[in-house]
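In this note's numbering, the protein residues as written are 242 to 826. We treat Cβ as the ideally placed atom computed from N, Cα and C, and that holds for glycine. Scroll down for the structure; my scribbles are underneath it.
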(Lines of atoms letter the chains of each structure in order from A and count residues from 1; the text may use other names and numbers.)
(Lines give C-alpha, C1' and ligand atoms only; values in the text may rest on other atoms or scores of the structure.)
Protein backbone atom coordinates (compact mmCIF):
# COMPACT_ATOMS: atom_id res chain seq x y z
CA UNK A 1 0.00 0.00 0.00
CA UNK A 2 2.74 2.45 0.96
CA UNK A 3 4.64 1.64 -2.24
CA UNK A 4 1.57 2.41 -4.36
CA UNK A 5 0.94 5.71 -2.55
CA UNK A 6 4.56 6.75 -3.06
CA UNK A 7 4.33 5.78 -6.74
CA UNK A 8 1.26 8.00 -7.13
CA UNK A 9 2.93 11.11 -5.68
CA UNK A 10 3.64 13.39 -8.67
CA UNK A 11 7.20 14.40 -9.52
CA UNK A 12 8.04 17.78 -8.05
CA UNK A 13 5.88 17.24 -4.96
CA UNK A 14 8.81 16.45 -2.67
CA UNK A 15 8.36 19.84 -1.00
CA UNK A 16 4.74 19.02 -0.21
CA UNK A 17 5.76 15.67 1.24
CA UNK A 18 8.56 17.16 3.34
CA UNK A 19 6.35 19.94 4.67
CA UNK A 20 3.50 17.56 5.40
CA UNK A 21 5.80 15.14 7.27
CA UNK A 22 7.39 17.86 9.42
CA UNK A 23 4.02 19.42 10.27
CA UNK A 24 2.56 16.03 11.22
CA UNK A 25 5.43 15.28 13.61
CA UNK A 26 5.20 18.78 15.14
CA UNK A 27 1.44 18.37 15.60
CA UNK A 28 1.90 15.04 17.40
CA UNK A 29 4.56 16.55 19.73
CA UNK A 30 2.31 19.50 20.55
CA UNK A 31 -0.68 17.25 21.31
CA UNK A 32 1.44 14.96 23.50
CA UNK A 33 2.86 17.94 25.39
CA UNK A 34 -0.65 19.35 25.88
CA UNK A 35 -1.74 16.06 27.45
CA UNK A 36 1.18 15.99 29.89
CA UNK A 37 0.63 19.69 30.76
CA UNK A 38 -2.53 18.50 32.50
CA UNK A 39 -0.46 16.84 35.25
CA UNK A 40 1.15 20.00 36.74
CA UNK A 41 -2.02 21.99 35.95
CA UNK A 42 -4.30 19.70 37.96
CA UNK A 43 -1.60 19.32 40.64
CA UNK A 44 -1.50 23.09 41.09
CA UNK A 45 -5.30 23.31 41.26
CA UNK A 46 -5.64 20.52 43.84
CA UNK A 47 -2.70 21.78 45.91
CA UNK A 48 -3.98 25.35 45.89
CA UNK A 49 -0.92 26.65 44.03
CA UNK A 50 -2.82 29.04 41.78
CA UNK A 51 0.25 30.68 40.24
CA UNK A 52 1.51 27.27 39.15
CA UNK A 53 -1.94 26.38 37.80
CA UNK A 54 -2.16 29.67 35.83
CA UNK A 55 1.31 29.11 34.39
CA UNK A 56 0.47 25.65 33.10
CA UNK A 57 -2.97 26.79 31.94
CA UNK A 58 -1.23 29.43 29.83
CA UNK A 59 1.15 26.81 28.45
CA UNK A 60 -1.82 24.54 27.63
CA UNK A 61 -3.66 27.42 25.92
CA UNK A 62 -0.66 28.35 23.81
CA UNK A 63 0.01 24.74 22.81
CA UNK A 64 -3.67 24.28 21.87
CA UNK A 65 -3.66 27.42 19.71
CA UNK A 66 -0.37 26.49 18.02
CA UNK A 67 -1.68 22.97 17.50
CA UNK A 68 -4.80 24.35 15.80
CA UNK A 69 -2.67 26.47 13.45
CA UNK A 70 -0.40 23.53 12.65
CA UNK A 71 -3.42 21.29 11.98
CA UNK A 72 -4.81 23.89 9.56
CA UNK A 73 -1.49 23.94 7.75
CA UNK A 74 -1.51 20.11 7.64
CA UNK A 75 -4.99 20.13 6.09
CA UNK A 76 -3.94 22.62 3.41
CA UNK A 77 -0.77 20.71 2.64
CA UNK A 78 -2.57 17.36 2.78
CA UNK A 79 -5.31 18.41 0.35
CA UNK A 80 -2.70 19.81 -2.03
CA UNK A 81 -0.86 16.51 -1.89
CA UNK A 82 -4.13 14.57 -2.21
CA UNK A 83 -5.26 16.40 -5.34
CA UNK A 84 -1.80 15.92 -6.80
CA UNK A 85 -2.14 12.16 -6.16
CA UNK A 86 -5.58 12.13 -7.84
CA UNK A 87 -4.34 13.96 -10.91
CA UNK A 88 -1.28 11.73 -11.20
CA UNK A 89 -3.27 8.53 -10.55
CA UNK A 90 -5.84 9.35 -13.23
CA UNK A 91 -3.13 9.98 -15.80
CA UNK A 92 -1.05 6.97 -14.78
CA UNK A 93 -3.97 4.51 -14.74
CA UNK A 94 -5.36 5.76 -18.08
CA UNK A 95 -1.92 5.75 -19.70
CA UNK A 96 -1.11 2.28 -18.36
CA UNK A 97 -4.42 0.81 -19.53
CA UNK A 98 -3.66 2.05 -23.05
CA UNK A 99 -0.49 -0.09 -23.06
CA UNK A 100 -1.50 -3.13 -20.99
CA UNK A 101 -1.47 -6.43 -22.85
CA UNK A 102 -4.97 -7.44 -23.90
CA UNK A 103 -4.49 -10.91 -22.40
CA UNK A 104 -4.42 -9.20 -18.97
CA UNK A 105 -8.08 -8.17 -19.29
CA UNK A 106 -9.77 -11.20 -17.77
CA UNK A 107 -12.96 -10.78 -15.73
CA UNK A 108 -11.19 -10.17 -12.41
CA UNK A 109 -8.62 -7.71 -13.81
CA UNK A 110 -11.27 -5.84 -15.79
CA UNK A 111 -13.30 -5.40 -12.60
CA UNK A 112 -10.15 -4.18 -10.80
CA UNK A 113 -9.43 -1.71 -13.60
CA UNK A 114 -13.00 -0.37 -13.51
CA UNK A 115 -12.89 0.10 -9.75
CA UNK A 116 -9.38 1.59 -9.89
CA UNK A 117 -10.58 4.26 -12.33
CA UNK A 118 -13.66 4.94 -10.18
CA UNK A 119 -11.43 5.30 -7.10
CA UNK A 120 -9.23 8.03 -8.59
CA UNK A 121 -11.54 10.74 -7.26
CA UNK A 122 -12.67 12.00 -3.84
CA UNK A 123 -11.38 8.88 -2.07
CA UNK A 124 -7.80 9.61 -3.11
CA UNK A 125 -8.20 13.38 -2.72
CA UNK A 126 -9.04 12.93 0.96
CA UNK A 127 -6.65 10.03 1.49
CA UNK A 128 -3.95 12.15 3.12
CA UNK A 129 -6.16 14.35 5.32
CA UNK A 130 -8.82 11.87 6.36
CA UNK A 131 -6.73 8.70 6.63
CA UNK A 132 -2.97 9.26 6.60
CA UNK A 133 -3.07 12.09 9.18
CA UNK A 134 -5.30 10.23 11.71
CA UNK A 135 -3.33 7.01 11.29
CA UNK A 136 0.00 8.78 11.71
CA UNK A 137 -1.32 10.55 14.79
CA UNK A 138 -2.75 7.35 16.24
CA UNK A 139 0.56 5.53 15.82
CA UNK A 140 2.89 8.31 16.93
CA UNK A 141 0.93 10.05 19.71
CA UNK A 142 1.05 7.23 22.33
CA UNK A 143 4.79 6.81 21.81
CA UNK A 144 5.42 10.56 22.14
CA UNK A 145 3.21 10.68 25.27
CA UNK A 146 5.37 7.92 26.72
CA UNK A 147 8.51 9.94 25.97
CA UNK A 148 7.24 13.21 27.48
CA UNK A 149 6.18 11.32 30.64
CA UNK A 150 9.84 10.77 31.58
CA UNK A 151 10.11 14.11 33.49
CA UNK A 152 6.96 13.17 35.45
CA UNK A 153 7.74 9.52 36.25
CA UNK A 154 10.19 7.40 34.32
CA UNK A 155 8.53 4.18 35.51
CA UNK A 156 5.21 5.32 34.03
CA UNK A 157 6.98 6.37 30.81
CA UNK A 158 8.46 2.89 30.39
CA UNK A 159 5.06 1.25 30.92
CA UNK A 160 3.49 3.59 28.33
CA UNK A 161 6.23 2.84 25.78
CA UNK A 162 5.90 -0.90 26.42
CA UNK A 163 2.15 -0.67 25.78
CA UNK A 164 2.65 0.78 22.28
CA UNK A 165 3.90 -2.45 20.61
CA UNK A 166 1.35 -4.46 22.62
CA UNK A 167 -1.59 -2.43 21.35
CA UNK A 168 -0.23 -2.07 17.81
CA UNK A 169 0.38 -5.83 17.72
CA UNK A 170 -3.22 -6.46 18.78
CA UNK A 171 -4.40 -4.11 16.04
CA UNK A 172 -2.21 -5.87 13.46
CA UNK A 173 -3.52 -9.27 14.57
CA UNK A 174 -7.09 -8.02 14.25
CA UNK A 175 -6.40 -6.85 10.71
CA UNK A 176 -4.70 -10.13 9.81
CA UNK A 177 -7.68 -12.14 11.09
CA UNK A 178 -10.13 -10.24 8.90
CA UNK A 179 -7.90 -9.85 5.83
CA UNK A 180 -8.75 -13.25 4.35
CA UNK A 181 -12.45 -12.66 4.85
CA UNK A 182 -12.02 -9.24 3.21
CA UNK A 183 -10.43 -10.88 0.17
CA UNK A 184 -13.34 -13.32 -0.14
CA UNK A 185 -15.85 -10.48 0.19
CA UNK A 186 -13.99 -8.42 -2.42
CA UNK A 187 -13.97 -11.35 -4.83
CA UNK A 188 -17.71 -11.90 -4.28
CA UNK A 189 -18.39 -8.19 -4.89
CA UNK A 190 -16.39 -8.26 -8.13
CA UNK A 191 -18.27 -11.37 -9.31
CA UNK A 192 -21.64 -9.78 -8.52
CA UNK A 193 -20.61 -6.60 -10.32
CA UNK A 194 -19.65 -8.56 -13.43
CA UNK A 195 -22.82 -10.66 -13.35
CA UNK A 196 -25.09 -7.61 -13.06
CA UNK A 197 -23.34 -5.84 -15.94
CA UNK A 198 -23.46 -9.01 -18.04
CA UNK A 199 -27.14 -9.47 -17.25
CA UNK A 200 -27.95 -5.87 -18.21
CA UNK A 201 -25.98 -5.90 -21.46
CA UNK A 202 -27.39 -9.18 -22.75
CA UNK A 203 -31.07 -8.51 -22.09
CA UNK A 204 -31.93 -8.35 -25.80
CA UNK A 205 -30.46 -11.78 -26.54
CA UNK A 206 -31.74 -13.30 -23.31
CA UNK A 207 -35.31 -12.15 -23.86
CA UNK A 208 -35.41 -13.31 -27.49
CA UNK A 209 -34.07 -16.74 -26.52
CA UNK A 210 -36.35 -16.84 -23.45
CA UNK A 211 -33.39 -17.36 -21.13
CA UNK A 212 -33.85 -14.23 -19.01
CA UNK A 213 -34.94 -16.16 -15.92
CA UNK A 214 -32.16 -18.82 -16.03
CA UNK A 215 -29.58 -16.08 -16.50
CA UNK A 216 -31.14 -14.09 -13.69
CA UNK A 217 -30.49 -17.03 -11.41
CA UNK A 218 -26.75 -16.55 -12.00
CA UNK A 219 -27.10 -13.03 -10.62
CA UNK A 220 -28.99 -14.48 -7.68
CA UNK A 221 -26.23 -17.03 -7.05
CA UNK A 222 -23.63 -14.27 -7.11
CA UNK A 223 -25.73 -12.23 -4.68
CA UNK A 224 -26.02 -15.22 -2.33
CA UNK A 225 -22.24 -15.69 -2.41
CA UNK A 226 -21.76 -12.00 -1.63
CA UNK A 227 -24.10 -12.23 1.37
CA UNK A 228 -22.24 -15.30 2.62
CA UNK A 229 -18.89 -13.55 2.24
CA UNK A 230 -20.12 -10.49 4.13
CA UNK A 231 -21.48 -12.67 6.93
CA UNK A 232 -18.12 -14.42 7.17
CA UNK A 233 -16.38 -11.03 7.27
CA UNK A 234 -18.55 -9.87 10.17
CA UNK A 235 -17.96 -13.11 12.08
CA UNK A 236 -14.19 -12.78 11.66
CA UNK A 237 -14.29 -9.27 13.14
CA UNK A 238 -15.55 -10.55 16.52
CA UNK A 239 -12.33 -12.30 17.71
CA UNK A 240 -10.29 -9.33 16.53
CA UNK A 241 -12.41 -6.91 18.56
CA UNK A 242 -12.11 -9.15 21.64
CA UNK A 243 -8.32 -9.34 21.24
CA UNK A 244 -7.95 -5.58 20.92
CA UNK A 245 -10.29 -4.94 23.87
CA UNK A 246 -8.22 -7.29 26.02
CA UNK A 247 -4.96 -5.56 25.03
CA UNK A 248 -6.48 -2.15 25.85
CA UNK A 249 -7.57 -3.31 29.30
CA UNK A 250 -4.10 -4.74 30.02
CA UNK A 251 -2.48 -1.41 29.04
CA UNK A 252 -4.97 0.59 31.13
CA UNK A 253 -4.49 -1.61 34.20
CA UNK A 254 -0.70 -1.40 33.82
CA UNK A 255 -0.78 2.42 33.69
CA UNK A 256 -3.27 2.73 36.54
CA UNK A 257 -1.42 0.18 38.66
CA UNK A 258 1.93 1.91 38.13
CA UNK A 259 0.43 5.30 38.97
CA UNK A 260 -1.14 3.88 42.17
CA UNK A 261 2.13 2.22 43.17
CA UNK A 262 4.06 5.48 42.66
CA UNK A 263 1.45 7.36 44.70
CA UNK A 264 1.69 4.88 47.57
CA UNK A 265 5.49 5.21 47.49
CA UNK A 266 5.14 8.98 47.63
CA UNK A 267 6.74 9.61 44.25
CA UNK A 268 3.48 11.12 42.97
CA UNK A 269 1.00 13.34 44.79
CA UNK A 270 -2.69 12.35 44.81
CA UNK A 271 -3.41 15.29 42.49
CA UNK A 272 -0.79 14.10 40.01
CA UNK A 273 -2.18 10.58 40.22
CA UNK A 274 -5.67 11.85 39.34
CA UNK A 275 -4.25 13.87 36.44
CA UNK A 276 -2.46 10.78 35.16
CA UNK A 277 -5.82 9.03 34.82
CA UNK A 278 -6.72 11.67 32.22
CA UNK A 279 -3.34 11.10 30.56
CA UNK A 280 -3.99 7.34 30.46
CA UNK A 281 -7.34 7.89 28.77
CA UNK A 282 -5.73 10.21 26.21
CA UNK A 283 -2.95 7.63 25.73
CA UNK A 284 -5.48 4.89 24.83
CA UNK A 285 -7.70 7.11 22.67
CA UNK A 286 -5.49 6.97 19.53
CA UNK A 287 -5.62 3.16 19.55
CA UNK A 288 -9.41 3.34 19.61
CA UNK A 289 -9.27 5.74 16.67
CA UNK A 290 -6.95 3.34 14.88
CA UNK A 291 -9.41 0.50 15.44
CA UNK A 292 -12.24 2.64 14.07
CA UNK A 293 -10.11 3.44 11.02
CA UNK A 294 -9.53 -0.27 10.38
CA UNK A 295 -12.40 -0.56 7.88
CA UNK A 296 -11.26 2.57 6.06
CA UNK A 297 -7.68 1.34 6.01
CA UNK A 298 -8.73 -1.99 4.53
CA UNK A 299 -10.92 -0.29 1.91
CA UNK A 300 -8.04 2.01 0.99
CA UNK A 301 -5.68 -0.96 0.87
CA UNK A 302 -7.98 -2.74 -1.59
CA UNK A 303 -8.36 0.44 -3.67
CA UNK A 304 -4.61 0.95 -3.81
CA UNK A 305 -4.13 -2.76 -4.59
CA UNK A 306 -6.42 -2.38 -7.60
CA UNK A 307 -4.58 0.72 -8.75
CA UNK A 308 -1.28 -1.06 -8.18
CA UNK A 309 -2.45 -4.09 -10.18
CA UNK A 310 -3.06 -1.79 -13.15
CA UNK A 311 0.23 0.07 -12.74
CA UNK A 312 2.14 -3.22 -12.42
CA UNK A 313 0.39 -4.94 -15.34
CA UNK A 314 2.66 -6.10 -18.16
CA UNK A 315 2.60 -3.81 -21.18
CA UNK A 316 3.30 -4.19 -24.87
CA UNK A 317 6.32 -2.64 -26.49
CA UNK A 318 9.20 -0.59 -25.09
CA UNK A 319 8.92 2.88 -23.62
CA UNK A 320 9.47 5.94 -25.76
CA UNK A 321 12.98 6.51 -26.95
CA UNK A 322 13.52 3.40 -29.08
CA UNK A 323 16.02 4.12 -31.85
CA UNK A 324 14.33 1.60 -34.13
CA UNK A 325 11.26 3.80 -34.45
CA UNK A 326 12.99 6.48 -36.47
CA UNK A 327 14.96 3.89 -38.44
CA UNK A 328 11.81 2.12 -39.67
CA UNK A 329 10.01 5.33 -40.53
CA UNK A 330 13.07 6.67 -42.33
CA UNK A 331 13.60 3.48 -44.32
CA UNK A 332 9.98 3.21 -45.48
CA UNK A 333 7.92 6.29 -44.61
CA UNK A 334 4.90 5.62 -46.85
CA UNK A 335 5.44 2.32 -48.63
CA UNK A 336 3.64 -0.93 -47.86
CA UNK A 337 5.92 -3.22 -45.79
CA UNK A 338 6.83 -6.87 -46.18
CA UNK A 339 5.57 -8.85 -43.17
CA UNK A 340 7.29 -11.97 -41.84
CA UNK A 341 6.43 -14.36 -39.00
CA UNK A 342 9.51 -16.22 -37.73
CA UNK A 343 8.67 -19.25 -35.54
CA UNK A 344 5.85 -17.35 -33.81
CA UNK A 345 4.10 -19.04 -30.89
CA UNK A 346 1.16 -17.43 -29.11
CA UNK A 347 -1.67 -18.37 -26.74
CA UNK A 348 -4.14 -16.38 -24.67
CA UNK A 349 -3.51 -18.34 -21.48
CA UNK A 350 -1.27 -21.03 -20.08
CA UNK A 351 -3.05 -23.73 -22.06
CA UNK A 352 -2.12 -25.15 -25.44
CA UNK A 353 -0.99 -22.28 -27.74
CA UNK A 354 -3.23 -21.20 -30.60
CA UNK A 355 -0.27 -20.62 -32.92
CA UNK A 356 2.90 -22.69 -32.63
CA UNK A 357 6.14 -22.13 -34.58
CA UNK A 358 4.26 -20.27 -37.31
CA UNK A 359 6.35 -19.14 -40.28
CA UNK A 360 4.64 -16.83 -42.75
CA UNK A 361 5.63 -14.26 -45.36
CA UNK A 362 3.32 -11.60 -46.79
CA UNK A 363 4.88 -9.62 -49.60
CA UNK A 364 4.88 -5.83 -49.64
CA UNK A 365 1.78 -4.31 -51.23
CA UNK A 366 0.08 -7.69 -51.68
CA UNK A 367 -3.46 -8.71 -50.74
CA UNK A 368 -3.67 -11.86 -48.61
CA UNK A 369 -6.84 -13.69 -47.63
CA UNK A 370 -6.81 -15.94 -44.54
CA UNK A 371 -9.47 -18.64 -44.31
CA UNK A 372 -10.11 -21.46 -41.87
CA UNK A 373 -12.49 -22.83 -39.30
CA UNK A 374 -13.61 -20.82 -36.28
CA UNK A 375 -10.96 -20.85 -33.57
CA UNK A 376 -8.17 -21.87 -35.93
CA UNK A 377 -6.14 -18.69 -35.26
CA UNK A 378 -7.10 -16.35 -38.10
CA UNK A 379 -8.04 -13.33 -35.99
CA UNK A 380 -5.08 -14.03 -33.71
CA UNK A 381 -2.72 -13.53 -36.67
CA UNK A 382 -4.30 -10.13 -37.35
CA UNK A 383 -4.02 -9.20 -33.67
CA UNK A 384 -0.32 -10.05 -33.66
CA UNK A 385 0.33 -8.01 -36.80
CA UNK A 386 -1.61 -5.07 -35.34
CA UNK A 387 0.44 -5.21 -32.13
CA UNK A 388 -2.59 -6.04 -30.00
CA UNK A 389 -0.72 -9.09 -28.68
CA UNK A 390 2.92 -10.09 -28.25
CA UNK A 391 4.24 -13.53 -29.27
CA UNK A 392 5.34 -15.91 -26.56
CA UNK A 393 8.21 -16.87 -28.83
CA UNK A 394 9.46 -15.88 -32.26
CA UNK A 395 9.47 -12.56 -34.08
CA UNK A 396 7.22 -10.49 -36.35
CA UNK A 397 9.20 -8.41 -38.83
CA UNK A 398 8.12 -5.40 -40.88
CA UNK A 399 10.70 -4.89 -43.65
CA UNK A 400 13.20 -6.81 -41.53
CA UNK A 401 12.57 -4.82 -38.33
CA UNK A 402 11.32 -6.64 -35.22
CA UNK A 403 8.20 -4.63 -34.41
CA UNK A 404 8.30 -5.74 -30.76
CA UNK A 405 11.22 -3.33 -30.33
CA UNK A 406 9.33 -0.32 -31.68
CA UNK A 407 7.74 2.36 -29.57
CA UNK A 408 4.01 1.74 -29.20
CA UNK A 409 2.88 4.93 -31.03
CA UNK A 410 5.07 4.04 -34.00
CA UNK A 411 3.90 0.43 -34.06
CA UNK A 412 0.24 1.38 -33.84
CA UNK A 413 0.69 3.87 -36.66
CA UNK A 414 1.76 1.03 -38.98
CA UNK A 415 -1.61 -0.72 -39.19
CA UNK A 416 -5.29 0.09 -39.58
CA UNK A 417 -7.82 -2.51 -38.45
CA UNK A 418 -11.45 -3.21 -39.34
CA UNK A 419 -12.85 -5.53 -36.69
CA UNK A 420 -15.58 -8.08 -37.25
CA UNK A 421 -17.63 -6.49 -34.46
CA UNK A 422 -16.81 -2.78 -34.68
CA UNK A 423 -17.24 -0.48 -31.70
CA UNK A 424 -18.12 3.16 -32.26
CA UNK A 425 -17.35 5.86 -29.71
CA UNK A 426 -20.27 7.90 -28.41
CA UNK A 427 -20.36 10.94 -30.66
CA UNK A 428 -21.15 11.77 -34.26
CA UNK A 429 -20.50 9.81 -37.44
CA UNK A 430 -17.87 12.38 -38.40
CA UNK A 431 -16.06 12.05 -35.07
CA UNK A 432 -15.94 8.27 -35.47
CA UNK A 433 -14.54 8.51 -39.00
CA UNK A 434 -12.00 11.16 -37.93
CA UNK A 435 -10.75 8.81 -35.20
CA UNK A 436 -8.73 7.20 -38.01
CA UNK A 437 -6.87 10.47 -38.61
CA UNK A 438 -7.97 13.53 -36.59
CA UNK A 439 -5.89 15.80 -38.86
CA UNK A 440 -7.73 14.76 -42.04
CA UNK A 441 -9.43 17.50 -44.03
CA UNK A 442 -12.99 17.48 -45.42
CA UNK A 443 -11.89 16.15 -48.82
CA UNK A 444 -10.23 13.05 -47.34
CA UNK A 445 -13.18 12.44 -45.04
CA UNK A 446 -15.56 12.69 -48.00
CA UNK A 447 -13.43 10.26 -50.02
CA UNK A 448 -13.30 7.70 -47.21
CA UNK A 449 -17.04 7.89 -46.53
CA UNK A 450 -17.77 7.54 -50.25
CA UNK A 451 -15.56 4.47 -50.64
CA UNK A 452 -17.11 2.81 -47.56
CA UNK A 453 -20.66 3.73 -48.67
CA UNK A 454 -21.14 5.85 -45.54
CA UNK A 455 -22.39 8.68 -47.77
CA UNK A 456 -25.55 6.63 -48.31
CA UNK A 457 -26.15 6.62 -44.55
CA UNK A 458 -25.57 10.34 -44.00
CA UNK A 459 -27.67 11.32 -47.02
CA UNK A 460 -30.84 10.08 -45.31
CA UNK A 461 -30.08 11.54 -41.87
CA UNK A 462 -31.15 15.13 -41.05
CA UNK A 463 -27.82 15.91 -39.34
CA UNK A 464 -25.69 14.15 -41.96
CA UNK A 465 -22.16 13.50 -40.72
CA UNK A 466 -23.02 15.18 -37.43
CA UNK A 467 -25.71 12.61 -36.63
CA UNK A 468 -25.06 10.88 -33.25
CA UNK A 469 -24.27 7.16 -33.27
CA UNK A 470 -25.21 6.44 -29.63
CA UNK A 471 -23.16 4.47 -27.13
CA UNK A 472 -21.21 1.84 -29.06
CA UNK A 473 -23.17 2.78 -32.22
CA UNK A 474 -26.44 1.58 -30.67
CA UNK A 475 -28.70 3.74 -32.89
CA UNK A 476 -27.23 2.25 -36.08
CA UNK A 477 -27.61 -1.16 -37.68
CA UNK A 478 -24.77 -3.67 -37.76
CA UNK A 479 -24.08 -2.94 -41.43
CA UNK A 480 -24.01 0.81 -40.82
CA UNK A 481 -21.56 0.40 -37.95
CA UNK A 482 -19.32 -1.73 -40.15
CA UNK A 483 -19.32 0.83 -42.95
CA UNK A 484 -18.37 3.63 -40.55
CA UNK A 485 -15.56 1.53 -39.09
CA UNK A 486 -14.33 0.78 -42.64
CA UNK A 487 -14.31 4.52 -43.45
CA UNK A 488 -12.34 5.09 -40.25
CA UNK A 489 -9.78 2.47 -41.27
CA UNK A 490 -9.48 3.86 -44.81
CA UNK A 491 -8.88 7.36 -43.45
CA UNK A 492 -5.93 6.25 -41.32
CA UNK A 493 -2.77 6.58 -43.45
CA UNK A 494 -1.33 3.26 -42.30
CA UNK A 495 0.76 1.07 -44.65
CA UNK A 496 -0.94 -2.14 -43.38
CA UNK A 497 -4.70 -2.72 -43.61
CA UNK A 498 -6.13 -5.59 -41.54
CA UNK A 499 -9.72 -6.69 -42.13
CA UNK A 500 -11.42 -9.23 -39.87
CA UNK A 501 -14.49 -10.29 -41.91
CA UNK A 502 -15.59 -6.67 -42.04
CA UNK A 503 -18.38 -7.19 -44.58
CA UNK A 504 -20.33 -9.90 -42.75
CA UNK A 505 -23.27 -7.56 -41.99
CA UNK A 506 -23.52 -6.13 -45.53
CA UNK A 507 -25.72 -7.25 -48.38
CA UNK A 508 -24.09 -8.60 -51.54
CA UNK A 509 -24.12 -5.32 -53.49
CA UNK A 510 -22.62 -3.26 -50.66
CA UNK A 511 -20.18 -6.05 -49.88
CA UNK A 512 -18.74 -6.01 -53.39
CA UNK A 513 -18.47 -2.21 -53.34
CA UNK A 514 -16.76 -2.12 -49.98
CA UNK A 515 -14.35 -4.92 -50.91
CA UNK A 516 -13.40 -2.92 -54.01
CA UNK A 517 -12.83 0.12 -51.77
CA UNK A 518 -10.63 -1.87 -49.42
CA UNK A 519 -8.63 -3.10 -52.42
CA UNK A 520 -7.84 0.44 -53.58
CA UNK A 521 -8.16 3.34 -51.16
CA UNK A 522 -5.42 5.45 -52.79
CA UNK A 523 -2.67 4.55 -50.24
CA UNK A 524 -0.04 1.85 -50.85
CA UNK A 525 -0.88 -0.86 -48.34
CA UNK A 526 -0.18 -4.45 -47.51
CA UNK A 527 -3.65 -5.92 -47.03
CA UNK A 528 -4.63 -8.99 -44.98
CA UNK A 529 -8.27 -10.02 -44.75
CA UNK A 530 -9.87 -12.79 -42.72
CA UNK A 531 -12.57 -14.03 -45.07
CA UNK A 532 -15.54 -16.34 -44.78
CA UNK A 533 -17.13 -15.42 -48.11
CA UNK A 534 -15.97 -15.33 -51.72
CA UNK A 535 -16.16 -11.54 -52.04
CA UNK A 536 -13.28 -11.09 -49.63
CA UNK A 537 -11.08 -13.52 -51.57
CA UNK A 538 -11.61 -12.68 -55.22
CA UNK A 539 -9.02 -9.85 -55.24
CA UNK A 540 -6.42 -11.67 -53.09
CA UNK A 541 -2.93 -12.34 -54.45
CA UNK A 542 -2.56 -15.31 -52.13
CA UNK A 543 -4.73 -17.37 -49.82
CA UNK A 544 -3.54 -18.85 -46.53
CA UNK A 545 -5.60 -21.70 -45.08
CA UNK A 546 -5.18 -22.01 -41.29
CA UNK A 547 -6.00 -25.28 -39.58
CA UNK A 548 -5.47 -25.66 -35.81
CA UNK A 549 -2.96 -22.82 -35.66
CA UNK A 550 -0.83 -24.04 -38.58
CA UNK A 551 -0.68 -23.21 -42.27
CA UNK A 552 -2.42 -26.07 -44.06
CA UNK A 553 -2.31 -24.51 -47.55
CA UNK A 554 -0.85 -21.38 -49.09
CA UNK A 555 -0.84 -20.06 -52.64
CA UNK A 556 -2.76 -18.20 -55.32
CA UNK A 557 -6.54 -18.85 -55.31
CA UNK A 558 -6.44 -20.62 -58.70
CA UNK A 559 -3.59 -22.89 -57.58
CA UNK A 560 -5.38 -23.92 -54.40
CA UNK A 561 -8.64 -24.56 -56.26
CA UNK A 562 -6.79 -26.84 -58.68
CA UNK A 563 -5.14 -28.69 -55.77
CA UNK A 564 -8.52 -29.84 -54.49
CA UNK A 565 -7.67 -29.45 -50.78
CA UNK A 566 -9.21 -27.55 -47.90
CA UNK A 567 -9.55 -24.32 -49.85
CA UNK A 568 -11.28 -26.10 -52.73
CA UNK A 569 -13.82 -27.58 -50.33
CA UNK A 570 -14.33 -24.16 -48.75
CA UNK A 571 -14.99 -22.71 -52.22
CA UNK A 572 -17.44 -25.47 -53.05
CA UNK A 573 -19.41 -24.73 -49.89
CA UNK A 574 -19.54 -21.06 -50.85
CA UNK A 575 -20.80 -21.95 -54.31
CA UNK A 576 -23.45 -24.23 -52.83
CA UNK A 577 -24.57 -21.54 -50.38
CA UNK A 578 -24.77 -18.91 -53.12
CA UNK A 579 -27.12 -21.14 -55.12
CA UNK A 580 -29.42 -21.93 -52.20
CA UNK A 581 -32.99 -20.55 -52.41
CA UNK A 582 -36.46 -21.17 -51.05
CA UNK A 583 -39.12 -22.94 -53.15
CA UNK A 584 -42.79 -23.74 -52.66
CA UNK A 585 -42.17 -27.47 -52.76
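Residue i - partner residues in DSSP beta bridges
i: residue 643; result: 638
i: residue 770; result: 610 and 740
i: residue 265; result: Partner(s): none; residue 265 has no beta bridge.
i: residue 842; result: What the structure shows of the chain is the stretch from 242 to 826, and residue 842 is not part of that stretch, so it cannot be assessed.
i: residue 581; result: 602 and 638
i: residue 783; result: 609
i: residue 587; result: 596
i: residue 669; result: 709
i: residue 659; result: 740
Residue i, buried or exposed, once every other Cβ within 10 Å from all chains shown has been counted against 16
i: residue 524; result: buried
i: residue 589; result: exposed
i: residue 694; result: buried
i: residue 487; result: exposed
i: residue 403; result: exposed
i: residue 309; result: exposed
i: residue 593; result: exposed
i: residue 664; result: exposed
i: residue 814; result: exposed
i: residue 722; result: buried
i: residue 620; result: buried
i: residue 511; result: exposed
i: residue 578; result: buried
i: residue 507; result: exposed
i: residue 343; result: exposed
i: residue 353; result: buried
i: residue 682; result: exposed
i: residue 253; result: exposed
i: residue 712; result: exposed
i: residue 794; result: buried
Same chain, Cβ closer than 7 angstroms to residue i, neighbours up to 5 away in sequence not counted
i: residue 607; result: 767, 782 and 783
i: residue 809; result: 801 and 802
i: residue 271; result: 304, 307, 308 and 311
i: residue 318; result: 257, 260, 261 and 264
i: residue 697; result: none
i: residue 382; result: 269, 272, 273 and 527
i: residue 812; result: 802
i: residue 587; result: 594, 595, 596, 621, 625, 630, 632 and 633
i: residue 338; result: 354 and 551
Sequence-distant residues of the same chain with beta carbon closer than 6 angstroms to residue i, five excluded per side
i: residue 569; result: In this predicted model, residue 569 has a pLDDT of only 49, less than 50, meaning its place in the structure is not dependable enough to derive any value.
i: residue 336; result: none
i: residue 714; result: 665 and 722
i: residue 503; result: 394 and 509
Beta-carbon proximity check, residue i vs residue j, cutoff 8 angstroms
i: residue 730; j: residue 717; result: no
i: residue 733; j: residue 615; result: no
i: residue 647; j: residue 670; result: no
i: residue 255; j: residue 315; result: no
i: residue 610; j: residue 772; result: yes
i: residue 649; j: residue 333; result: no
i: residue 357; j: residue 666; result: no
i: residue 777; j: residue 596; result: no
i: residue 350; j: residue 550; result: yes
i: residue 689; j: residue 728; result: yes
i: residue 495; j: residue 400; result: yes
i: residue 250; j: residue 325; result: yes
i: residue 280; j: residue 393; result: yes
i: residue 699; j: residue 673; result: no
i: residue 410; j: residue 527; result: no
i: residue 832; j: residue 599; result: As shown, the chain starts at 242 and ends at 826. That puts residue 832 outside it, with no answer to give.
i: residue 521; j: residue 501; result: no
i: residue 531; j: residue 376; result: yes
i: residue 787; j: residue 618; result: yes
Close Cβ partners of residue i (< 8 angstroms) along its chain, the five nearest in sequence each way excluded
i: residue 407; result: 488, 491 and 492
i: residue 278; result: 297, 300, 301 and 304
i: residue 388; result: 273, 398 and 402
i: residue 678; result: 685, 732, 733 and 734
i: residue 626; result: 580, 637, 656, 737, 739 and 769
i: residue 345; result: 554 and 555
Any non-hydrogen atom of the ligand PLP closer than 7 angstroms to residue i Cβ
i: residue 639; result: Absence of the ligand PLP is noted for the structure shown, with no ligands found whatsoever.
Beta strand (DSSP E) runs contained entirely in the segment 788 to 821, provided each spans 3 or more residues: Correct list: 791 to 796.
Entirely enclosed alpha helix (DSSP H) segments - the segment 332 to 398, minimum 4 residues: The qualifying runs are 348 to 360, 363 to 366 and 374 to 389.
In chain order, each alpha helix (DSSP H) run of at least 4 residues that lies wholly inside the segment 494 to 546: Here the runs fully enclosed are 511 to 533.
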